[in-house]
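Since the structure comes first, as structure tokens, the remarks are kept for the end.
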């Protein structure tokens, strides 16, 4: 589904990604972990077209995407969320949802004026879908609230809902559970599993090891911009090098946080 | 007095169109367009060229002014596509001055025949259907034309901002990243907002040229842009009614010299300069105490 081959990216003097290769299988839930600053978000930005890579290749469904701008990557069926909410705050939750679908006729100026009937039909269809999805992410009561008034956790849920409106084949989630309360977290995980059964592919950055071991089929571990391990959640938790990475220096606190047994 | 009121209403209507078009660009799309007067200027000059030199009808001038200004909006959004907001604003300011300086220095468009052009300006721009009315009734007829254009502009902008197209513009107002991640080609939307808002600004320019029947480059100084900005900011950005209310308030202050000189014992010239100070103070007060303007942006409610 998604194939990353030997991708390099550096910021002034720092190698953010140093030859990362990985693969996300169709219909899988794949996790990406690593200490702070290990390059997880940079990798997401490079895959989704927000940052140019310096070397390497990225393929989506066999098609090369590493030269495309972000909107075209999204058009090919890969959507991502952001670690920090980017939701337009002066738009309501429902407006946020309705923004997402691809190929909206009413987004063309000509169509907006001259094909009102078909646009109305499309809007109605999208509205129904939005309301359905909002109830599955438990935001239905806040439909007409400004996105700016939501809590951090609720914004994460909105980001997931909005992505589902766009209906991509592969979804990249950047820390989807950070700030979401435990009960809601569980239903969120259930939702992701259900969607996977429906054919969606997930690739996500996560700090919560419990979430990782509960739903991930495969996990990749990054450290200093390099892939240091891959395997099932069980294998990762036993991996010497992973433990080493988490225990070294400032990363110690992080490993305590995610609950890796030291 | 009633004549003056008609004049004031016509100017308010024309600035109302400018205010609505800037509101589409700034209030809804978040484009800090500091060169809005360029559209006004291009509309006025294009219309004048088409009517005075080409001897076309008024309606051709009107449409031509819109097309030229729209095209200009489209063109300036190409080289500026990758500029950050503040740099983008400066670029638009410069673009507007380029347009004005072009008309200030040209001598080959209006240089021939009975016209002077350049710094001398162009007079004798025909007023549509002037022979049908007397000098006292004509302004009221022209007021009807302006009101018609204003109403059409208002409903067009309102329709657009409520459409899925407008929804993308509103999302872009708070940054490009999210719309990009949702597959929206933001630079295309920006071009469309510039072209469409530009065309409406051109309409206002065309209307003003045929009303004054004289134009010169000094009527299109950068300060005009900020008068329109004041209207949007005071009235309420992101609210079309607000943009109109702002136009009424600012136009009133702008034209108030004529009344005030009878009440306040200051030299008329000083008073004329003071009105810009008043508008400036008004903007500062609004920014400090009513960030969203007099009329807040309306929340869009969808019924399930």
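Chains as they are written, first to last, in my numbering: chain V, 13 to 274; chain L, 330 to 633.
Each residue gets a CB set at the ideal place from its N, CA and C atoms; glycine is no exception.
Look at residue 426 of chain L here: in three-state DSSP terms it is helix.
Between residue 394 of chain L and residue 542 of chain L, the gap from beta carbon to beta carbon reaches 8 Å or more.
For residue 91 of chain V, the beta-bridge partners assigned by DSSP are V:183. By the criterion of a C-beta distance shorter than 7 Å, residue 245 of chain V is surrounded in its chain by 224, 225, 228, 231, once the five residues flanking it on both sides are discounted.
Using a C-beta cut-off of 8 Å, the stretch 157-165 of chain V makes no contact with the stretch 83-90 of chain V, since fewer than three inter-stretch Cβ pairs fall below that distance. Using a CB distance cut-off of 8 Å, residue 21 of chain V does not count as an interface residue toward chain L.
Assignment of beta-bridge partners to residue 230 of chain V by DSSP yields V:42. Pairing residue 433 of chain L with residue 420 of chain L gives a Cβ-Cβ distance that is not under 8 Å.
Under the DSSP definition of a beta bridge, residue 243 of chain V partners with V:231. When secondary structure is reduced to three states using DSSP, residue 192 of chain V falls in the coil class, being assigned neither helix nor strand. Classified as exposed, residue 79 of chain V has fewer than 16 neighbouring CB atoms from the shown chains inside 10 Å of its CB. Taking CB atoms only, residue 132 of chain V has no neighbour in chain L less than 8 Å away.
Taking 8 Å as the cut-off, the Cβ atoms of residue 17 of chain V and residue 68 of chain V count as close.
Not a single CB atom of chain V sits nearer than 8 Å to the CB of residue 390 of chain L. Secondary structure in the stretch 62-136 of chain V: the beta strand (DSSP E) runs of 3 residues or longer, each lying completely within the stretch, are 67-72, 90-92 in chain order.
Straight-line spacing of the CA atoms in residue 430 of chain L and residue 346 of chain L works out to 24 Å. Close to chain V, meaning a Cβ-Cβ distance shorter than 8 Å, are the following residues of the stretch 616-631 of chain L: 626, 628, 629, 630, 631.
Neighbourhood of residue 101 of chain V in chain L, by CB distance below 9 Å: 503, in chain order. Among the residues of the stretch 166-183 of chain V, those with a Cβ less than 8 Å away from any Cβ of chain L are 174, 178, in the order of the chain. Taking a C-beta distance under 8 Å as the contact criterion, residue 502 of chain L and residue 110 of chain V do not qualify as a contact pair. Looking at the DSSP output, residue 158 of chain V shares a beta bridge with V:104.
For the stretch 41-62 of chain V, the set of positions with a beta-carbon nearer than 9 Å to some beta-carbon of chain L reads 60, 61, 62 in chain order. DSSP lists no bridge partner for residue 414 of chain L. Of all residues in the stretch 115-127 of chain V, only 116, 117, 118, 119, 120, 121, 124, 125 place a beta-carbon less than 8 Å from a beta-carbon of chain L. Under the DSSP assignment, residue 572 of chain L falls outside any beta strand (DSSP E), being part of the alpha helix (DSSP H) whose first and last residues are 569-584.
Listed along chain V are 111, 119, each with a C-beta nearer than 8 Å to that of residue 497 of chain L. For the 8 Å CB-CB criterion, residue 372 of chain L and residue 533 of chain L form a contact. The Cβ-Cβ distance between residue 185 of chain V and residue 53 of chain V does not fall below 8 Å. Shortest Cα-Cα distance from residue 352 of chain L to any of L:454, L:523, L:335, L:397 involves L:523. Non-local beta-carbon contacts of residue 71 of chain V in its own chain, meaning distances under 6 Å to residues more than five positions away in sequence, involve 15 in chain order.
Setting aside the 5 residues that flank it on each side, residue 554 of chain L is surrounded in the same chain by 363, 364, 365, 366, 425, each with a C-beta closer than 7 Å to its C-beta; the list follows chain order. By the 16-neighbour rule on beta-carbons within 10 angstroms, residue 57 of chain V is buried. Using a Cβ-Cβ distance cut-off of 8 Å, the stretch 103-122 of chain V and the stretch 468-483 of chain L are not in contact, since fewer than three pairs of beta carbons, one from each stretch, lie closer than that value. Beta-carbon to beta-carbon, residue 397 of chain L and residue 375 of chain L are separated by about 4 Å, close enough to satisfy the 8 Å threshold. Residue 141 of chain V and residue 450 of chain L have their C-alpha atoms spaced approximately 59 Å apart. Annotated three-state conformation of residue 363 of chain L is coil, per DSSP.
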